[in-house]
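Residue numbers (the numbering used here), protein chains in the order written: chain A, 4 to 681; chain B, 4 to 681.
Here is the structure we will look at, set down as structure tokens.
There are 2 protein chains.
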Amino acid sequence: MPAAALDATALRILLDGDTRLVREHVRAVLARPEFRKPDQPLPTEEYRERVSEWTRELASTGGPALLFPAEFGGLGRVGDAIAAFETLGHSDLSLLVKCGVQFGLFGGAVHHLGTRGHHERYLERIASFELPGCFAMSESGHGSDVQHVQTTATYDPASGEFVVVTPADEDRKDYIGNAALDGRLAAVFCQLVVGGERRGVHCVLVPLRDDEGEPLPGIRIADCGHKLGLNGVDNGRIWFDDVRVPRENLLDRYARVSADGVYFSPIENEDRRFFTMLGTLIQGRISVGGAAISATKNALTIAIRHGLRRRQFGPPGSDAEVPLLDYRVHQRRLLPPLARTYALHFAQRGVVAELGRIFGADDGTAERSEAEDTARRELETRAAGLKALATWHATETIQACREACGGAGYLSENRLGELKADTDVFTTFEGDNTILLQLVAKSLLTGYRDEFGELNAIATAGFVASQVWETVVERTAARELIQRLTDDLIPGSERDEDLLDREYHLGLLRWREEHVLSGAARRLKRGIDAGGEPFAVFNDSQDHVLAVARAHTERELLDAFDGAARACEEPTLASLLGKLCDLHALAEIERDRAWFQEHGRISSTRAKMVTRAVNDLCAELRPQAGALVDAFGIPDEVLAAPIGRPGGEASRTAAAELGDELPDVRSVLREAGNEVAR
Amino acid sequence: MPAAALDATALRILLDGDTRLVREHVRAVLARPEFRKPDQPLPTEEYRERVSEWTRELASTGGPALLFPAEFGGLGRVGDAIAAFETLGHSDLSLLVKCGVQFGLFGGAVHHLGTRGHHERYLERIASFELPGCFAMSESGHGSDVQHVQTTATYDPASGEFVVVTPADEDRKDYIGNAALDGRLAAVFCQLVVGGERRGVHCVLVPLRDDEGEPLPGIRIADCGHKLGLNGVDNGRIWFDDVRVPRENLLDRYARVSADGVYFSPIENEDRRFFTMLGTLIQGRISVGGAAISATKNALTIAIRHGLRRRQFGPPGSDAEVPLLDYRVHQRRLLPPLARTYALHFAQRGVVAELGRIFGADDGTAERSEAEDTARRELETRAAGLKALATWHATETIQACREACGGAGYLSENRLGELKADTDVFTTFEGDNTILLQLVAKSLLTGYRDEFGELNAIATAGFVASQVWETVVERTAARELIQRLTDDLIPGSERDEDLLDREYHLGLLRWREEHVLSGAARRLKRGIDAGGEPFAVFNDSQDHVLAVARAHTERELLDAFDGAARACEEPTLASLLGKLCDLHALAEIERDRAWFQEHGRISSTRAKMVTRAVNDLCAELRPQAGALVDAFGIPDEVLAAPIGRPGGEASRTAAAELGDELPDVRSVLREAGNEVAR
């Protein structure tokens, strides 16, 4: 089998991109003996302790500081912070989630919803893990419906305090990371009541435990108990029984309450305020998507290396057995997901860069230009779609990898079980994927109008009935569009199009996106016009609405991969990435080829050619499979799976390049000549 | 929402069928406090002990005795035995696998490969778990390729013993249940060498441990360590260093060795002997398929009850929130898999009945009529296909159920994590699914010819080149068939066909089966005729070959469900089963609608209608969803998931009907007037 030599290191550098320095730093830290994973799963209590220790050590390397502004002890490099978090996603995922809760969610709430006083008081201690905290948003009764959380914070002007209350048992905060054991302070999302008036969801800081770790008066905490995975994270439930906190504990960037109980917000519309506040927490969603991609890379690295080494059966009459990865079915299982993982990597990189651009320019006030507002909304939509696709991809791919490794894949030492279990909830937390896709669809259907209101997906149907709807339908210009699309469809000329032409791939995905979008818009309108009850109309189209979001995000994904492949200047790498992008594009077209046929966009003959092309690309890329996973740059110590050891020379061990002490990211950046604040 | 009253009890009785008595017995046993599941996962050591204890207690209720002949202390009711095992699949799956290893695999090897002396000596002690044993087949180096195991048993005529040897480290027996802790005796699959000549794979009994549980001389055992799931089972690795066992330890139904070292087998052809021996172990594969279906039922029961109770969001302006199962996407996630689970249930019942028929008539000799031989091969093919589809369905469906339950589904107390983890290896053990499907395809492609030889999938390609091939192609009469199929295709008349006509569904699946089969046959032949290297030709068609097996098994599945629905005489149930069967059929047609369009069998308009029909059927069946899972008859104590508690009155608790002591299945059968041996 001819294998053009491919330089995995060059490819790794390309994948790492602008954030290379930080990624290498985190790899080096995680490869050190302090972070070695235990050979057997630890008992829950011990595991939680270990994870807290790891979190403290990681904090000492300065990673979390990347997230926060320089004037409060941080480094102000959010893009690098996410890259560091993504790299952490190759290691223990309880550690990842613990860090995500502490620095990203809890720290992010204080940072983005709070003002100077909060920053001065808390950020440095949050970044060092001196002050462990919780992000108390979800409630048992309203997991996905944040706008309807029931916890209340009622302002008492007599004492100048908020009184925080859990009204009914099902309104308890649930699944809250850091709550069962470590958390001292919680950012609690609750309905603010001032002067008897409800002001919608706001965030109030509520102390949970005293210095000895005992729950404070009025705070009841229960352990969520054992979970399917992530048992190093101490998830818990919290009830508030008339807990009083000072007025200053309201995170007041977007709304203030004066001492005498006057409410003021620079954003008048309650829905808009809610979504503005929620929007600032976008980094959590982006981080989960990135972590899912990292975990997927681990699984693929293990399964592909195993598939290259493990031999089974062989031609009759011959003693030579064949590596698993030479079998077409095995290639089919692993290589299209590998290509898609690359696509997700590049799409994620784009989202992170945009996050860095927007939040780098954040001035900490509630004021925002219309252009910035639009940019933020677009980023939210991109991030929501990408998170959904990346986490579903993780679940599917890690499962495929487990099966591809057979019995060996079932042993804990080979890590696939842990990867499966730990990532499984990624499709649910930081926004349930189905809800997220509805969010994406809604933005598309309403053309990013300000008025689009609640996160509540059902509201879309009501919204559909409003006048805005006409605008939408005009915007997508449904009838004309369909006409144009039909004209465009000339199956006779299909034979002339090159199946490996990127423009052809992009054209198909763009066509699908527009077609599904205008179709869904018309369907909703038809239902409402016919006098349908909005909920029934929406529910009747729910699958169609989700298809809108998928088609849109898939097109974005291909755009991102295509852009990265085109931008590559080194010819060997460029050609490889091009092929991998072809495989990704054609595998997606193949997956949905029923739809393309149903809508007359590709012929049945063409559809069969697509399947053959995917087979051929798999065979063509097979000799590069090893290098393609080596380029993910996961140190052996971090991968820590016996069947995932590299075939040839050992993976580079970044740890060896370092001294005895945990390196600080500040000095790493400084040495490299990067400007470091403070 | 109008809900025709459906009698879940009547439906349960229908599902239980002939094996109702035994199923109710096992339900009652498992619902008892002795078998209560721990609230938190136990540490591995403790869990293993608990499972061994449970196994002993279960053995005392007489269940395992169902498997074995009456003259050796058994009850000789293999169909009931499998039904009992399937019911056990609702409970702890480590217990299930422990029982499967001890009674089904180890006991089955002694029973089916041994003769009278072995039966007298061992069966009763195996059925009581007094003699825990291993089924030592898989080796590290040859997981799926049993015919090439490397362990040898060489006859030494001087001492009248076999010398059992593990030649190289990778030839160690691996993933062997009962090996790490409990096993005293192992049924070891090894290459028999007599008089210097290799005689192929045979099974020899090798004692592993002494009465104190210490490994005997020459036996090295290592623990496989922690696994993704099933940690109540003590899997281990075994090495044999010149272990001597007496000549009688050869399980000699199909081959004997005389004291002076003369080998004799009534089956001359080595391949045929191997497959005959392996064929007798079919019950293991059937049992795993059945257990996968049971576990799937647990997950669906939990997720559907949760979906009926849990409310999220609601029409704007209204406080009423909507049960999750009212959302189309939620229905789509759960109801087609529910329908498919019914299909698998009925297909499984058919396979078990056939197993009972064939093995009930087994006379214990090696002689067999040609008709019996054919029946056994057909059963092997059916069982292989069904096991693959049932276990993949379990993996997918349990995952879908976990996601459908959101955060609650991630808590261990709700059992979905355990179900996921424990069943995950079902797709791998008792035959890796991909290998099994190749086996199915091979039987179909070769028309069940005796000569088809090795389990080695690659051999098919070599075989293709032989003259037999022509016969095959003639048998499927490819060209004429295609002609007929093309004539049959009249897209114009499509509109006249009723989308809910069962004949239409069956016609589509039959058409697909024949078309894929003849296509694969021609493709292989074309490759060979063009001078292709057999391995390359086969690999190039591997996806096509697997499609043959899938199409065949899917058609069988629908046939089974259709048959059961037709056989139902009670009108309400019959109508319900009919609709559920429609949903199953149309969901499968929808899943593969790209293929049907590619092959001109359904039009694009028709394909879209199929999707709509699936949506409509989901909505129509939604009011019955609760009853449809109640009918699985899983006692609450066994389901043991807080979110899986029934909506209305508590599920019937069979345990309440029993006295203080564990009931014996013998007395249950006797009381019911069933004939009981002994």
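C-beta: ideal position from N, C-alpha, C; glycine also.
Cβ atoms of residue j and residue i: under 7 Å apart, would you say?
| i | j | result |
| --- | --- | --- |
| B/Val167 | B/Val246 | yes |
| B/Ile305 | B/Ala393 | no |
| B/Val191 | B/Val204 | no |
| A/Leu382 | A/Arg405 | no |
| A/Phe106 | A/Leu70 | yes |
| A/Thr58 | A/Lys101 | yes |
| A/Val551 | A/Leu589 | no |
| B/Leu447 | B/Leu347 | no |
| A/Leu14 | A/Leu586 | no |
| A/Glu123 | A/Asp174 | no |
| A/Leu328 | A/Gly310 | yes |
| A/Glu640 | A/Ala34 | yes |
| B/Tyr158 | B/Gly235 | no |
| A/Arg308 | A/Val325 | no |
| A/Asp177 | A/Arg223 | no |
Among the residues of its own chain, which have a CB less than 6 Å from the CB of residue i, if the five just before and after it don't count?
| i | result |
| --- | --- |
| B/Ala350 | Leu389, Leu560, Ala563 |
| B/Arg212 | Arg187, Pro218 |
| A/His145 | His151, Val152 |
| B/Ala460 | Its pLDDT being 39, under 50, B/Ala460 is placed unreliably in this model, and the value from its coordinates should be taken loosely. Answer for B/Ala460: Gln441, listed in chain order. |
| A/Asp10 | none |
| A/Asp244 | Gly221 |
| A/Val355 | Gly82, Ile85 |
Can a CB atom of chain A be found closer than 7 Å to the CB of residue i?
| i | result |
| --- | --- |
| B/Ala403 | no |
| B/Leu439 | no |
| B/Thr430 | yes |
I want to see whether chain B comes within less than 7 Å of residue i, judged by CB atoms only; does it?
| i | result |
| --- | --- |
| A/Gln286 | no |
| A/Thr154 | no |
| A/Gln545 | yes |
| A/Val518 | The question names Val, but residue 518 of chain A in the sequence shown is His. Judged by the 7 Å Cβ criterion, A/His518 is not in contact with chain B. |
| A/Pro44 | yes |
| A/Lys611 | yes |
| A/Lys507 | Note on identity: in this sequence residue 507 of chain A is Tyr, with Lys being the wrong assignment. No, no contact with chain B. |
Quick one: residues in its chain with C-beta nearer than 7 Å to the C-beta of residue i, no 5 flanking neighbours on either side, listed in chain order?
| i | result |
| --- | --- |
| A/His229 | Thr47 |
| B/Thr430 | Thr394, Trp395, Thr398, Asn436 |
| A/Gly111 | Leu284, Gln286, Gly287 |
Need the endpoints of the alpha helix (DSSP H) that residue i sits in, please.
| i | result |
| --- | --- |
| A/Arg201 | Run containing A/Arg201: none in the alpha helix (DSSP H); it sits in the beta strand (DSSP E), 200-210. |
| B/Ala570 | 545-570 |
| B/Leu440 | 436-448 |
| A/Phe362 | 331-363 |
| A/Cys621 | 607-624 |
| A/Ile401 | 373-407 |
Please work out which residues of its chain come closer than 8 Å, Cβ to Cβ, to residue i, disregarding the five sequence neighbours upstream and downstream, and give them in chain order.
| i | result |
| --- | --- |
| A/Phe362 | Val81, Gln286 |
In this structure, what does DSSP give as the bridge partners for residue i?
| i | result |
| --- | --- |
| B/Val325 | B/Gln315 |
| A/Glu164 | A/Asp159, A/Pro249 |
| B/Glu674 | None, per the DSSP bridge assignment. |
| B/Cys137 | B/Ala189 |
Terminal residues of the continuous beta strand (DSSP E) containing residue i?
| i | result |
| --- | --- |
| A/Asp177 | 176-179 |
| A/Phe192 | 188-197 |
| A/Arg223 | 222-226 |
Residues of chain C with a CB under 8 Å from the CB of residue i: which are they?
| i | result |
| --- | --- |
| A/Asn542 | Note that chain C does not occur in the displayed structure, where the protein chains are A and B. |
Using 6 Å as the cut-off, classify the Cβ of residue i as near or not near the heavy atoms of the ligand MN, replying yes or no.
| i | result |
| --- | --- |
| A/Leu208 | The ligand MN is not part of this structure, which contains no ligands at all. |
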